[in-house]
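**Student:** For reference, the structure I am asking about is given below.
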Amino acid sequence: MSEENTPQQTPETVPDVSQFCPKGDVLVVAEHILGELQPVTLELLGAGRILADKMERKLICIVMGHEIGDIPQKMIEYGADKVYVADHEALKNYRTLPYRRVLVDFLESLPEPPHTTLLGSTTTGRDLAPRIAAHFDTGLTADCTELDIGPYEHKSKVDPTKIGLYPNCLYAIRPSFGESLKARILGPWKNPQMATTRPGVMIPNKPDSNKKGEIVKVPVNLKEDDTRLVVEETIREMSKGIKLTEADVIVAGGYGLGTVEGFELVKKLAACFENSAIGASRKVVDLGWIPYQHQIGQTGKTVRPKLYIACGISGAIQHRVGMSKSNIIIAINKDPDAAIFKFAHHGIVGDCYQIIPEMIKQLQENKVKREVEAVVGTH
Amino acid sequence: MSGYNIFVLVKQVPDQGSKAGINPDGTIDRAKAKRMLNPFDRYALQAALHTKKSYGGTVTAISMGPPPAVEILMEALEHGVDRGFLLSDRRLAASDTLATAYALYKTVLYAGKFDIIFCGLQTTDGDTAQVGPQLAERLNLPQITYCEDFAIENGRVQARRIIEGGIQRVSTGMPVLVTVANSYHPLEYKSFRGAWRVQQLARRQEELKQYIQTIDLDLIGADVERCGLKGSPTIVAATEKVGEIGGSCTMHEGHSPDEMVKEIIKSTGIREYLVAK
Chain C
1 MSEENTPQQT PETVPDVSQF CPKGDVLVVA EHILGELQPV TLELLGAGRI
51 LADKMERKLI CIVMGHEIGD IPQKMIEYGA DKVYVADHEA LKNYRTLPYR
101 RVLVDFLESL PEPPHTTLLG STTTGRDLAP RIAAHFDTGL TADCTELDIG
151 PYEHKSKVDP TKIGLYPNCL YAIRPSFGES LKARILGPWK NPQMATTRPG
201 VMIPNKPDSN KKGEIVKVPV NLKEDDTRLV VEETIREMSK GIKLTEADVI
251 VAGGYGLGTV EGFELVKKLA ACFENSAIGA SRKVVDLGWI PYQHQIGQTG
301 KTVRPKLYIA CGISGAIQHR VGMSKSNIII AINKDPDAAI FKFAHHGIVG
351 DCYQIIPEMI KQLQENKVKR EVEAVVGTH
Chain E
380 MSGYNIFVLV KQVPDQGSKA GINPDGTIDR AKAKRMLNPF DRYALQAALH
430 TKKSYGGTVT AISMGPPPAV EILMEALEHG VDRGFLLSDR RLAASDTLAT
480 AYALYKTVLY AGKFDIIFCG LQTTDGDTAQ VGPQLAERLN LPQITYCEDF
530 AIENGRVQAR RIIEGGIQRV STGMPVLVTV ANSYHPLEYK SFRGAWRVQQ
580 LARRQEELKQ YIQTIDLDLI GADVERCGLK GSPTIVAATE KVGEIGGSCT
630 MHEGHSPDEM VKEIIKSTGI REYLVAK
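In structure tokens, the structure reads:
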């Protein structure tokens, strides 16, 4: 864009940017649910390790919570060099203000601010990261899908105070404008550079049980102000089922199903598959056919399963952005002109009430056949 | 004086469902694009109006954007909002979330005393979900993000919010900032009376100014260095178009559902994922 094409400044206007080249490490803020490390944290450790190695810095982590068991050890196995642990009863459940306090105190206690601080784009990360960024008046890039570090020469005439060559700049890449564009967001003149990353995108390291690391306790000093909000009750209603972002197969229903009963078929079809989950388009969530937690798309979740079966979904851009990265997309829709047939891999034009029961029937027959083959094969 | 001072933040965004104003490279020409109230803000607006209806008080809508954004404040007025502020200033151009939250913070202080600030969960043009929490940090407020149910009991806010794989019930005193999830109740239709009243107002610009005030950075005493591109610690350095997907869909035709399904099972390998046992 224009930023990069502006002519080079005369040397006397170039300010000293060495103050913006901190020696700090790469920090990952861990997320866990009552002692169970979230997959996004392992993914962040994978991405953070690459960034830290590139700069020859350490990969450090902070875990906040209470009675967190072997999480610090596990994080070392997945790539962390040093894990800071803030253990306090008041941190048992995630709450914005106490976690904010601990993280702010911790960042201020470090001899050098982290070069880069990473959190997951989860309900927790998106709640906490903006507050930390605002506190330190630093930049925060939301929902990244790629991260890299490298030199960046800023030449913009609009703000001469920022002109200069930044040796280690975080390249945070995120989808924008309904995912039709990839935007490269930079901000090397404020530290720490911060980003949240979308779950399911970064690749975790293979755990190494021989890897050595340091575990350090950090103090927790909460103030009265920090406990203004009280958690009355926490219900993990979906913890028994499989989460959309982790499912291999998603069967999703849309307005084309006609009635709420259509979801019974969707559920039956999903039940044919291992590690499957139910998805939905916004319209049927708005109609109350299925809870919001199942919504996929711009205003819902982003998923990338191995197999996505869209039943009666028209394929509006808002839905497409949430599921277009699925490995195989199968679409069933009565309307041959439905937008979904423009980006699905396989399509059937037909009535869901005929196609889905037939599919369930044939899959069950297939399963029997496969089992017979398996048995015969062993003889 | 009874009831609560309720603020709601609203934003005008380009309608991505419309082709108008989309440049060939996929970026949005905001001057030409069809404009709309950010869909997420409809839930925030509903929460604000519902709170007013249930517990009394006044609703103030606050927006930041170019002059046409006054349209969404008019829309909010039609729905029953009492007054609106539009922060409009060329020096706000290229604001990132931090600079936006700072400008909104100064606007909120200018707009007066408040008990609750409702925000949409995120916008459909930025998708960051950051401005609400950043504003809460500036104002030193507790925040309830991903809120899907909201009530006030004995002067305390009771809310239900979405968390990873579940829900949480929380309570807090006021003032508080709440970002509303779209599992909250959808925005009710505007009343005929409300729409008619605003239509009349639109003809009397002087009178309209009593309800919707357009303000700038000088008036609210904002530090210009902290606004717009200058106040933004991040910039969009480059954009790259993501390849168009499409055109490769294999249609499985057949005379009966039986044939079509057979085809699709054969060619997609979906048997791989069947439940074992």
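Chains C and E are the protein sequences, given in the same order.
Going by this note's numbering, the first sequence opens with residue 1, and the numbers climb by one from there.
Going by this note's numbering, the second sequence opens with residue 380, and the numbers climb by one from there.
Here a beta-carbon is modelled for each residue, glycine too, at the ideal position from N, C-alpha and C.
All values derive from a computational prediction rather than experimental measurement.
So does the region 58 to 65 of chain C actually touch the region 266 to 277 of chain C, counting three or more Cβ pairs closer than 8 angstroms?
**Tutor:** Contact between the region 58 to 65 of chain C and the region 266 to 277 of chain C is absent, because fewer than three Cβ pairs lie under 8 angstroms.
**Student:** Return the residue from the list E/PHE571, E/GLU604 and E/LEU518 that minimises the CA-CA distance to E/ILE495.
**Tutor:** When each option's Cα is compared against that of E/ILE495, the closest is E/LEU518.
**Student:** Spell out whether any CB of chain E is found under 7 angstroms from the CB atom of C/LEU37.
**Tutor:** Taking Cβ atoms only, chain E never reaches closer than 7 angstroms to C/LEU37, which makes this a no.
**Student:** In its own chain, which residues sit with a C-beta less than 6 angstroms from the C-beta of C/THR41, not counting the 5 before and 5 after it?
**Tutor:** The residues are ALA30 and GLU31.
**Student:** Would you say the region 592 to 602 of chain E touches the region 457 to 467 of chain E, given that touching needs at least three Cβ pairs under 8 angstroms?
**Tutor:** The region 592 to 602 of chain E, when compared against the region 457 to 467 of chain E, does touch it at the 8 angstroms Cβ threshold.
**Student:** Grouping DSSP H, G and I as helix and E and B as strand, with all else coil, what is C/GLU264?
**Tutor:** Helix at C/GLU264.
**Student:** Just to confirm before moving on: does the CB-CB distance between E/VAL348 and E/MET453 stay below 7 angstroms?
**Tutor:** The question about residue 348 of chain E has no answer here: the residues shown for chain E are numbered 380 through 656.
**Student:** When the Cα atoms are used, what is the spatial distance from E/LEU500 to C/VAL218?
**Tutor:** Distance between the alpha carbons of E/LEU500 and C/VAL218: 33 angstroms.
**Student:** Suppose you measure from the CA of C/GLN318 to the CA of E/SER442; what does that come to, to the nearest Å?
**Tutor:** Approximately 24 angstroms between the Cα atoms of the pair.
**Student:** What residue range does the beta strand (DSSP E) around C/THR96 cover?
**Tutor:** Segment 96 to 109 is the alpha helix (DSSP H) holding C/THR96; no beta strand (DSSP E) there.
**Student:** Can you check whether the C-beta of C/SER106 is within less than 7 angstroms of a C-beta belonging to chain E?
**Tutor:** Sequence check: residue 106 of chain C is Phe here, not Ser. No, its Cβ sits nowhere closer than 7 angstroms to a Cβ of chain E.
**Student:** Which of helix, strand or coil does DSSP assign to E/GLN501?
**Tutor:** Coil.
**Student:** Please report the Cβ distance between C/ASN366 and E/ILE644, rounded to the nearest whole angstrom; I am assuming they are in contact, meaning their Cβ atoms lie under 8 angstroms.
**Tutor:** About 7 angstroms; that satisfies the 8 angstroms criterion.
**Student:** What are the boundary residues of the alpha helix (DSSP H) that E/THR479 is part of?
**Tutor:** Counting along the chain, the alpha helix (DSSP H) containing E/THR479 begins and ends at 476 to 490.
**Student:** According to DSSP, is E/SER646 part of a helix, a strand, or is it coil?
**Tutor:** Looking at E/SER646 - three-state DSSP - the assignment turns out to be helix.
**Student:** With C/ARG126 as the anchor, note down where its alpha helix (DSSP H) starts and where it stops.
**Tutor:** 123 to 135 is the extent of the alpha helix (DSSP H) around C/ARG126.
**Student:** When you compare the CB positions of C/ALA446 and C/THR245, do they come within less than 7 angstroms of one another, or not?
**Tutor:** In the structure as shown, chain C begins at 1 and stops at 379. Residue 446 of chain C is therefore absent and cannot be evaluated.
**Student:** Contact between the region 224 to 235 of chain C and the region 309 to 325 of chain C is defined here as three or more beta-carbon pairs at a separation below 8 angstroms; is this criterion met?
**Tutor:** Short answer: they don't touch.
**Student:** I'd like to confirm the pairing. Which residues does DSSP put opposite E/ASP528 in its beta bridges?
**Tutor:** Answer is E/ARG539.
**Student:** Helix, strand or coil: which one does DSSP assign to C/GLY79?
**Tutor:** C/GLY79: coil per DSSP, three-state reduction.
**Student:** Taking all protein chains shown into account, decide if C/GLY350 is buried (16 or more other Cβ within 10 angstroms of its Cβ) or exposed.
**Tutor:** Result: buried.
**Student:** Taking C/ARG174 and C/THR138 to be in contact with their CB atoms under 8 angstroms, please state how far apart those CB atoms are, rounded to whole angstroms.
**Tutor:** With 8 angstroms as the limit, C/ARG174 and C/THR138 do not qualify as a contact, their Cβ atoms being about 17 angstroms apart.
**Student:** Under the rule that 16 or more other beta-carbon atoms within 10 Å means buried, what is C/VAL216, buried or exposed?
**Tutor:** With fewer than 16 other Cβ atoms within 10 Å, it is exposed.
**Student:** For E/ILE385 and chain C, any beta-carbon pair shorter than 7 angstroms?
**Tutor:** Chain C contact via Cβ: absent.
**Student:** Does E/SER570 pass the burial test, meaning 16 or more other C-beta atoms within 10 Å, or should it be called exposed?
**Tutor:** Looking at its Cβ environment, which holds fewer than 16 other Cβ atoms inside 10 Å, E/SER570 is exposed.
**Student:** Could you list which residues in chain E have their beta carbon closer than 9 angstroms to that of C/THR96, in chain order?
**Tutor:** Those are PRO512, ALA515, PRO521, GLN522, ILE523 and THR524, listed as they occur along chain E.
**Student:** Should C/THR302 go down as buried or exposed, given a rule of 16 or more other Cβ atoms within 10 Å for buried?
**Tutor:** It counts as buried.
**Student:** Assign E/GLN584 to one of two classes, buried (16 or more other C-beta atoms within 10 Å of its C-beta) or exposed (fewer than that).
**Tutor:** E/GLN584 comes out exposed.
**Student:** My understanding is that E/THR613 touches C/ILE185, with C-beta atoms under 8 angstroms, so please give their C-beta distance in whole angstroms.
**Tutor:** Yes, E/THR613 and C/ILE185 are in contact; Cβ-Cβ is about 5 angstroms, under 8 angstroms.
**Student:** Does the CB of C/ILE328 have a neighbour CB from chain E at under 7 angstroms?
**Tutor:** Taking Cβ atoms only, chain E reaches closer than 7 angstroms to C/ILE328, which makes this a yes.
**Student:** Which of the three DSSP states is assigned to C/ALA90 in this structure?
**Tutor:** Helix, per DSSP.
**Student:** According to DSSP, which residues form a beta bridge with C/HIS32?
**Tutor:** The partner list for C/HIS32 (beta bridge, DSSP) reads C/LEU37.
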